[in-house]
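Q: Counting in full-length UniProt numbering, the sequence shown tops out at residue 305, every number present. Take this structure, written in structure tokens, and hold onto it; I'll ask about it next.
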Amino acid sequence: MAANSQKPGFEMFRLFSSSDKAGLGFLDSPETPQPPPPPCVEVLSSEISASLKYTVEPLNLGELTLLKGRVNTQEVFGLSNSDLVPGKYEGGLKLWEGSLDLVKALCSEVKNGNLSFCGKRVLELGCGHGLPGVFACLEGAAAVHFQDFNAEVIRCLTIPNVNANLLENNQPSVANVSNSGGELRFFAGDWSEIHKLLPHVQENEKDLNHSSGHGQIASYDIILMAETVYSISTLQSLYELIKKCTSCPHGVVYMAAKKHYFGVGGGTRQFLSLVEKDGIMAASLVAEVADGSSNVREVWKLSFV
Ligand SMILES: C[S@@+](CC[C@H](N)C(=O)[O-])C[C@H]1O[C@@H](n2cnc3c(N)ncnc32)[C@H](O)[C@@H]1O
1 MAANSQKPGF EMFRLFSSSD KAGLGFLDSP ETPQPPPPPC VEVLSSEISA
51 SLKYTVEPLN LGELTLLKGR VNTQEVFGLS NSDLVPGKYE GGLKLWEGSL
101 DLVKALCSEV KNGNLSFCGK RVLELGCGHG LPGVFACLEG AAAVHFQDFN
151 AEVIRCLTIP NVNANLLENN QPSVANVSNS GGELRFFAGD WSEIHKLLPH
201 VQENEKDLNH SSGHGQIASY DIILMAETVY SISTLQSLYE LIKKCTSCPH
251 GVVYMAAKKH YFGVGGGTRQ FLSLVEKDGI MAASLVAEVA DGSSNVREVW
301 KLSFV
């Protein structure tokens, strides 16, 4: 896959670049206790924020053009645009490079016959703008559920951005899809707790164990996530959530992220080592995006062994 050059209107996310360790209270420090996570809630499409200034611009992704919404982080959270406050605001208002890598990789997977979204239940974790989930909608998924840490991100950005992209592609808006029995739903909350709210989750660990034999479980067929594995402290809860949500044995996870997040310790290697030690899922590399810097970006696919 070719390296991404910076597109007009695309905000390069700099917090994790090798040269910028951004002293914005971002580092995972054992001495800095984090606030309790916000409560898990379902955000209804009617709760869309109407008062904020919201603008959109087109993003050319090769064979596909999607719309990217923009809101002011200061207006939503009272933070400057580069802030990310662990446990309070996890960066969902910015568009990260990984989500574009993921959409491009999904596009190739569909084109090459390795993946189909038709009739599938899809969950996008850590969605922010929700572009991978939008792609799943446009490719005919039966249900797409979007999750972000912050309800404000969903109200102010995710729902308007999903709407803008659906309308641009002559699809019914979020409210109309939902009214007609479709499944576009939005959930906010921490990965350690959100399984209590997500509709397609199975809690029974035994069902994931090959030795017990497993039937088809009504969980998510496809889980998508971009730039979610940056923080060492949340990798385990993210992985536990994935295991609860992925339909066994045929469900798959597509993950886009940087190999290493300098200064914060996470990255695809850290996450994949958890997966490997657990032995329930196996990973294969789908795409690598090297733009000449030391920070290689990757897209991985996980499936049950
Ligand atoms: C860096 S942003 C990436 C946003 C988007 N996927 C993109 O690539 O543009 C990381 C996202 O992960 C989610 N996130 C991070 N830590 C989380 C946690 N502990 N629980 C739930 N979500 C979390 C937040 O919702 C946030 O939007």
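For each residue, glycine too, the CB sits at the ideal point set by N, CA and C.
What is the DSSP secondary structure of Thr246, counted as helix, strand or coil?
A: The count along the sequence shown starts at 1 and reaches residue 246 at position 246. If DSSP states are grouped into helix, strand and coil, Thr246 belongs with the strands.
Q: Is it the case that the CB of Glu90 approaches a heavy atom of ligand 1 more closely than 8 Å?
A: In the sequence shown, residue 90 corresponds to position 90, counting from 1. Glu90: yes, Cβ under 8 Å from ligand 1.
Q: Got a sec, what are the start and stop residues for the alpha helix (DSSP H) Thr73 sits in?
A: Working through the sequence shown from its first residue, we reach residue 73 at position 73. From DSSP, the alpha helix (DSSP H) with Thr73 extends over Thr73 to Phe77.
Q: Quick one: give me the first and last residue of the alpha helix (DSSP H) that Leu272 is part of.
A: As a working note, residue 272 is residue 272 in the sequence shown. Here the alpha helix (DSSP H) through Leu272 covers Thr268 to Asp278.
Q: Within the present structure, is the beta-carbon of Phe262 separated from the nearest heavy atom of ligand 1 by less than 8 Å?
A: Here residue 262 is taken as the residue at index 262 of the sequence shown, counted from 1. No, the beta carbon of Phe262 sits no closer than 8 Å to any heavy atom of ligand 1.
Q: Ligand 1 and Gly265: does any heavy atom of the ligand fall closer than 8 Å to the residue's C-beta?
A: Start at 1 with the first residue of the sequence shown, and residue 265 comes out as number 265. No.
Q: Taking 8 Å as the limit between beta carbons, can you name the residues of its chain near Ser219, skipping five residues before and five after?
A: Numbered from its first residue, the sequence shown carries residue 219 at position 219. Closer than 8 Å at the Cβ level, and outside the excluded window around Ser219, lie Arg121, His200, Val201, Gln202, Lys244, Cys245, Thr246, Ser247, Cys248 and Gly251.
Q: Examine ligand 1 and report whether any of its heavy atoms sits within less than 8 Å of the Cβ of Asp83.
A: As a first step, residue 83 is located in the sequence shown; it is residue number 83 there, counting from the start. Outside the cutoff, so no.
Q: Please tell me whether Phe186 and Leu64 are closer than 9 Å, where the distance is taken between their beta carbons.
A: Residue mapping note: residue 186 aligns to position 186 of the sequence shown, counting from 1. Residue mapping note: residue 64 aligns to position 64 of the sequence shown, counting from 1. No, Cβ-Cβ distance for Phe186 and Leu64 is not below 9 Å.
Q: Flag this pair as yes or no: are the beta carbons of Asp188 and Met225 separated by less than 9 Å?
A: One-based indexing of the sequence shown puts residue 188 at position 188. One-based indexing of the sequence shown puts residue 225 at position 225. Correcting the residue type first, residue 188 is Ala in the shown sequence and not Asp. Cβ distance not < 9 Å, so Ala188 and Met225 don't count as in contact.
Q: Enumerate in chain order the residues of its own chain whose CB-to-CB distance from Glu47 is below 6 Å, with the five nearest sequence positions on each side excluded.
A: Translated into positions along the sequence shown, residue 47 becomes position 47. Once the five neighbours on either side are set aside, the close Cβ partners of Glu47 are Arg155.
Q: Quick one: residues in its chain with C-beta nearer than 6 Å to the C-beta of Leu138, no 5 flanking neighbours on either side, listed in chain order?
A: Looking up residue 138 in the sequence shown gives position 138. The residues are Asn169.
Q: Could you tell me the alpha carbon to alpha carbon distance between Val167 and Asp278, rounded to whole angstroms?
A: Here residue 167 refers to the residue found at position 167 when the sequence shown is read from its first residue. Here residue 278 refers to the residue found at position 278 when the sequence shown is read from its first residue. It should be pointed out that residue 167 corresponds to Leu in this sequence rather than to Val. Rounded to whole angstroms, Leu167 to Asp278 spans 42 Å at the Cα level.
Q: Within this structure, are the beta carbons of Leu184 and Val162 separated by less than 9 Å?
A: Counting from one through the sequence shown, the residue named residue 184 turns up at place 184. Counting from one through the sequence shown, the residue named residue 162 turns up at place 162. Yes, the Cβ-Cβ distance between Leu184 and Val162 is below 9 Å.
Q: For Asn60, name the three-state secondary structure that DSSP assigns.
A: Translated into the one-based positions of the sequence shown, residue 60 becomes position 60. Strand at Asn60.
Q: In whole angstroms, what is the alpha-carbon distance linking Glu298 and Glu193?
A: Along the sequence shown, one-based indexing puts residue 298 at 298. Along the sequence shown, one-based indexing puts residue 193 at 193. So the alpha carbons of these two residues sit roughly 27 Å apart.
Q: What number of angstroms, rounded off, separates the C-alpha of His210 from the C-alpha of Met281?
A: If you number the sequence shown from 1, residue 210 lands on position 210. If you number the sequence shown from 1, residue 281 lands on position 281. Note that His210 has pLDDT 46, beneath the 50 cutoff, so the model's placement of it is unreliable and the number below is only indicative. Rounded to whole angstroms, His210 to Met281 spans 11 Å at the Cα level.
Q: Return the bridge partner residues of Arg155 from the DSSP annotation.
A: Here residue 155 is taken as the residue at index 155 of the sequence shown, counted from 1. None, per the DSSP bridge assignment.
Q: Following the continuous alpha helix (DSSP H) through Glu288, name the residue where it begins and the one where it ends.
A: In the sequence shown, counting from the first residue as 1, residue 288 sits at position 288. Careful: Glu288 lies outside any alpha helix (DSSP H), inside the beta strand (DSSP E) at Met281 to Val289.
Q: Quick one: Cα of Val144 to Cα of Pro39, how far?
A: As a first step, residue 144 must be located in the sequence shown, where it is residue number 144. As a first step, residue 39 must be located in the sequence shown, where it is residue number 39. Whole-angstrom Cα-Cα distance: 21 Å.
Q: Keeping to the same chain, check which residues put their C-beta closer than 7 Å to that of Gly87; ignore five residues upstream and five downstream.
A: What you label residue 87 is simply residue 87 of the sequence shown in a count that begins at 1. Gln34, Pro35 and Pro37, listed in sequence order.
Q: Only counting the same chain, and skipping five residues up and downstream in sequence, which positions put a Cβ closer than 6 Å to that of Gly265?
A: Your numbering for residue 265 matches position 265 in the sequence shown. The residues are Ile232.
Q: Is the beta carbon of Ile159 within less than 8 Å of some heavy atom of ligand 1?
A: Here residue 159 corresponds to residue number 159 of the sequence shown, with the count starting at 1. It does not: the Cβ of Ile159 is nowhere closer than 8 Å to a heavy atom of ligand 1.
Q: In whole angstroms, what is the alpha-carbon distance linking Phe149 and Asp190?
A: The sequence position of residue 149 within the sequence shown is 149, counting from 1. The sequence position of residue 190 within the sequence shown is 190, counting from 1. Going from the Cα of Phe149 to the Cα of Asp190 covers about 6 Å.
Q: Are the beta-carbon atoms belonging to Leu79 and Val85 less than 9 Å from one another?
A: Stepping through the sequence shown from its first residue, residue 79 is reached at position 79. Stepping through the sequence shown from its first residue, residue 85 is reached at position 85. In contact: Leu79 and Val85 (Cβ atoms closer than 9 Å).
Q: According to the Cβ coordinates, are Gly117 and Phe146 closer than 9 Å?
A: Here the question's residue 117 lines up with position 117 in the sequence shown. Here the question's residue 146 lines up with position 146 in the sequence shown. According to the sequence as given, residue 117 is Phe; it is not Gly. Cβ distance not < 9 Å, so Phe117 and Phe146 don't count as in contact.
Q: So, at 8 Å on beta carbons, what are the nonlocal neighbours of Lys68 in its own chain, with the 5 sequence-adjacent residues on each side left out?
A: Here the question's residue 68 lines up with position 68 in the sequence shown. Gly9, Phe10, Val56, Glu57, Pro58, Leu59, Leu95, His129, Leu131 and Asn161.
Q: Within the present structure, is the beta-carbon of Asp190 separated from the nearest heavy atom of ligand 1 by less than 8 Å?
A: Your numbering for residue 190 matches position 190 in the sequence shown. Flag set: Cβ of Asp190 near ligand 1.
Q: My guess is that Gly62 and Lys104 are in contact by the Cβ rule of under 8 Å, so how many angstroms apart are they, rounded?
A: Position 62 of the sequence shown, counted from the start, is the residue given in the question as residue 62. Position 104 of the sequence shown, counted from the start, is the residue given in the question as residue 104. With 8 Å as the limit, Gly62 and Lys104 qualify as a contact, their Cβ atoms being about 6 Å apart.
Q: Where does the unbroken beta strand (DSSP E) through Phe304 begin, and where does it stop?
A: Translated into the one-based positions of the sequence shown, residue 304 becomes position 304. Element bounds for Phe304: Arg297 to Phe304.
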